[in-house]
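A.B. asks:
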Amino acid sequence: MAARIIAGNWKMNGLAAALPEVARIADAAHDVTGVETVIAPPVTLLPRVARHDGITPAAQDCHAADAGAHTGDLSAPMLAEAGARTEILGHSERRANHAERDVQVAGKVRAAWGAGLRAILCIGETEAQYRGGRTVEVLARQLAASLPEGATPENTIVAYEPVWAIGTGITLREDEIERVHRTLRDRLAARFAQGAEVSLLYGGSVSAENAASIFALRNVDGALVGGASLTAGKFVPIMNALAEKGAYA
Ligand code: 13P
Numbered sequence: 123m124a125a126r127i128i129a130g131n132w133k134m135n136g137l138a139a140a141l142p143e144v145a146r147i148a149d150a151a152h153d154v155t156g157v158e159t160v161i162a163p164p165v166t167l168l169p170r171v172a173r174h175d176g177i178t179p180a181a182q183d184c185h186a187a188d189a190g191a192h193t194g195d196l197s198a199p200m201l202a203e204a205g206a207r208t209e210i211l212g213h214s215e216r217r218a219n220h221a222e223r224d225v226q227v228a229g230k231v232r233a234a235w236g237a238g239l240r241a242i243l244c245i246g247e248t249e250a251q252y253r254g255g256r257t258v259e260v261l262a263r264q265l266a267a268s269l270p271e272g273a274t275p276e277n278t279i280v281a282y283e284p285v286w287a288i289g290t291g292i293t294l295r296e297d298e299i300e301r302v303h304r305t306l307r308d309r310l311a312a313r314f315a316q317g318a319e320v321s322l323l324y325g326g327s328v329s330a331e332n333a334a335s336i337f338a339l340r341n342v343d344g345a346l347v348g349g350a351s352l353t354a355g356k357f358v359p360i361m362n363a364l365a366e367k368g369a370y371a
């Protein structure tokens with residue numbers, strides 16, 4: 123069975139004043155059984171987030187090279203040294219704002235693995251692609267081109283985030299989430315020896331209100347959460363909802 127994981131992506135949010143929220147989330151995580159809780163703060167807070175046990179500290183990006191003349195960038199070994207154990211890679215905001223393409227994302231995944239970090243690979247279709255009936259085609263291309271050979275359940279998590287569901291309050295229809303996750307599971311199983319065990323997260327406007335019904339769906343092993351991960355009050359109920367998911371869904 124794939125591991126159950128809740129990951130909070132803080133994006134470009136969080137000054138030191140937000141650290142008490144991390145402490146509250148870490149405290150709660152000790153009581154949430156069978157679920158790994160990941161927090162990806164801005165890099166400025168990463169060493170302080172990494173001091174908490176009970177949560178896995180994560181970064182939100184890295185450069186594909188380990189070192190070099192790349193002003194402003196951070197490498198995977200640097201992020202590992204700062205406390206990261208996992209890295210979100212290929213997020214749609216990176217793909218849109220920084221023109222990241224699948225081939226570059228694949229390079230970042232390799233760099234993360236090389237530094238001993240697990241990758242949370244993000245994939246997702248735009249609204250136009252969804253309306254055009256191209257969701258599966260787009261996801262298949264992204265999965266094939268941005269996930270290199272060598273993916274295992276230990277070094278990789280896949281997060282499906284429909285771009286048009288991020289920060290909008292929109293969630294995909296439940297039967298559509300199930301269909302997409304089934305397709306991703308099948309493709310991972312066909313390509314990698316242990317591909318069926320890679321955790322599949324859903325993301326896009328996941329909240330305390332909708333988490334339980336999303337987690338009831340087959341092949342949804344957790345969530346990648348943006349806005350609702352910024353406070354313990356909103357995030358902990360999502361962690362609890364995953365802990366209550368039935369064993370075989
Ligand atoms: P929201 O939960 O704010 O929609 O963000 C989702 C996301 O992009 C997580 O990576």
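Under my numbering, the first residue of the sequence shown carries the number 123, and numbering increases by one thereafter.
Cβ coordinates follow ideal geometry from the N, Cα and C atoms, glycine included.
#1: Verify the contact flag: H220, CB atom, against every heavy atom of the ligand 13P, threshold strictly below 8 Å.
#2: Could you check whether the region 227 to 241 touches the region 185 to 194, counting it as contact only if at least three pairs of C-beta atoms, one from each stretch, sit closer than 8 Å?
#3: Which residues neighbour the ligand 13P when neighbourhood means a C-beta less than 6 Å away from any of its non-hydrogen atoms? List them by chain order.
#4: List the DSSP bridge partners of I210.
#5: So T208 and A180 are in contact, right, with Cβ under 8 Å, and what is the actual spacing, rounded?
#6: Please confirm whether L364 and V144 have their CB atoms less than 9 Å apart.
#7: Can you tell me whether Y174 is helix, strand or coil according to DSSP?
#8: Helix, strand or coil: which one does DSSP assign to H220?
#9: Looking only at its own chain, which residues have a Cβ that is under 6 Å from the Cβ of T278, when we skip the five neighbours before and after it?
#10: Excluding the 5 residues flanking E222 on each side, which residues of the same chain have their C-beta closer than 7 Å to its C-beta?
#11: Kindly list the residues whose CB is nearer than 7 Å to the CB of H174, restricted to its own chain and excluding five residues on each side of it in sequence; keep chain order.
#12: Helix, strand or coil, according to DSSP, for H152 in the structure here?
#13: Specify, as a first and last residue, the run of the beta strand (DSSP E) that V280 falls within.
#14: Using the rule of at least 16 other Cβ atoms within 10 Å of the residue's Cβ for burial, across every protein chain shown, is V342 buried or exposed?
#15: Between the alpha carbons of K133 and A218, how many angstroms are there, rounded?
#16: Excluding the 5 residues preceding and the 5 following F314 in the sequence, name in chain order all residues of the same chain whose CB lies nearer than 6 Å to its CB.
#17: Check the DSSP bridge columns for P163 and list the partner residues they point to.
#18: Does the Cβ-Cβ distance between V328 and L346 come in under 9 Å?
#19: Among R263, L323, G254 and L294, which one has its Cα closest to the Cα of P275?
C.D. replies: Based on what the coordinates show:
#1: For this step, residue 220 is matched to residue 98 along the sequence shown. No, since every heavy atom of the ligand 13P falls outside the 8 Å radius drawn around the Cβ of H220.
#2: yes
#3: N131, H213, E283, I288, G289, G325, G326, S327, V328, L346, V347, G348, G349 and A350
#4: The residue given as residue 210 occupies position 88 in the sequence shown. I242, per the DSSP bridge assignment.
#5: Here the question's residue 208 lines up with position 86 in the sequence shown. Here the question's residue 180 lines up with position 58 in the sequence shown. That belief holds up - the Cβ atoms of T208 and A180 are roughly 4 Å apart, short of 8 Å.
#6: Translated into positions along the sequence shown, residue 364 becomes position 242. Translated into positions along the sequence shown, residue 144 becomes position 22. No, the Cβ-Cβ distance between L364 and V144 is not below 9 Å.
#7: As a working note, residue 174 is residue 52 in the sequence shown. Just to set this straight, residue 174 is His in the shown sequence, not Tyr. If DSSP states are grouped into helix, strand and coil, H174 belongs with coil.
#8: For the purposes of this step, residue 220 is taken as residue 98 along the sequence shown, with counting starting at 1. In the structure shown, H220 adopts coil according to DSSP, grouped into three states.
#9: Numbered from its first residue, the sequence shown carries residue 278 at position 156. Closer than 6 Å at Cβ, skipping near neighbours: A241 and V320.
#10: Residue 222 sits at position 100 when you count from the first residue of the sequence shown. Take E222, set aside five residues on each side of it, and the residues of its chain with a beta-carbon closer than 7 Å to its own are G212 and R216, in chain order.
#11: Along the sequence shown, read from residue 1 onward, the residue named residue 174 stands at position 52. Around H174: V144, A145 and A148.
#12: Within the sequence shown, the letter at position 30 stands for residue 152. In the structure shown, H152 sits in a helix (DSSP, three-state: H, G or I).
#13: For the purposes of this step, residue 280 is identified with residue 158 of the sequence shown, where counting begins at 1. Taken as a continuous stretch (DSSP letters only), the beta strand (DSSP E) holding V280 covers T278 to Y282.
#14: For the purposes of this step, residue 342 is taken as the residue at position 220 of the sequence shown. Flag for V342 reads buried.
#15: Position 11 of the sequence shown, counted from the first residue, corresponds to residue 133. Position 96 of the sequence shown, counted from the first residue, corresponds to residue 218. For K133 and A218, the distance between alpha carbons rounds to 14 Å.
#16: Position 192 of the sequence shown holds residue 314. For F314, where only same-chain residues beyond five positions count, the Cβ hits under 6 Å are A273.
#17: Looking up residue 163 in the sequence shown gives position 41. Partner(s): none; P163 has no beta bridge.
#18: Here the question's residue 328 lines up with position 206 in the sequence shown. Here the question's residue 346 lines up with position 224 in the sequence shown. Yes.
#19: Within the sequence shown, the letter at position 153 stands for residue 275. Of R263, L323, G254 and L294, the residue nearest in Cα terms is L323.
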